[in-house]
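FYI, in my numbering the residues of the sequence shown are 203 to 262.
Here's the structure, in structure tokens; my notes come after.
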Amino acid sequence: MLTYTVPGVGRVVVELHEHVFGMTGEKLVLLGDVSRADGTPLGVVNYERVAQYLHATDVI
Numbered sequence: 203m204l205t206y207t208v209p210g211v212g213r214v215v216v217e218l219h220e221h222v223f224g225m226t227g228e229k230l231v232l233l234g235d236v237s238r239a240d241g242t243p244l245g246v247v248n249y250e251r252v253a254q255y256l257h258a259t260d261v262i
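Next up, the structure:
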């Protein structure tokens, strides 16, 4: 679990899933569960904001 501070959402804890393709060695990182730092789950809109932020910062 990793912690990020996402603009408009605040501090969140995210679970990332990494897949490595054997023949090419390419890596795919997917976003799993996301919750606020206090454990409260996020709604769909904030989940998407977190996904967009992590994509923009080249995490996923």
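Don't be surprised by glycine CBs; every beta carbon is placed ideally from N, CA and C.
Since the structure is predicted, the reported quantities are computational estimates derived from the model, not experimental observations.
- The C-alpha of Lys229 lies about 6 Å from the C-alpha of Phe223.
- Here Tyr249 is not bridged, per DSSP, to any residue.
- Cα atoms of Val236 and Glu217: separation of roughly 6 Å, rounded to the nearest angstrom.
- A straight line joining the alpha-carbon of Val215 with that of Asp260 spans about 17 Å.
- With respect to the C-alpha of Arg251, the residue from Leu204, Thr226, Gly212 and Leu232 having the closest C-alpha is Gly212.
- Annotation: Leu244 is outside any beta strand (DSSP E) and is labelled neither H nor E by DSSP.
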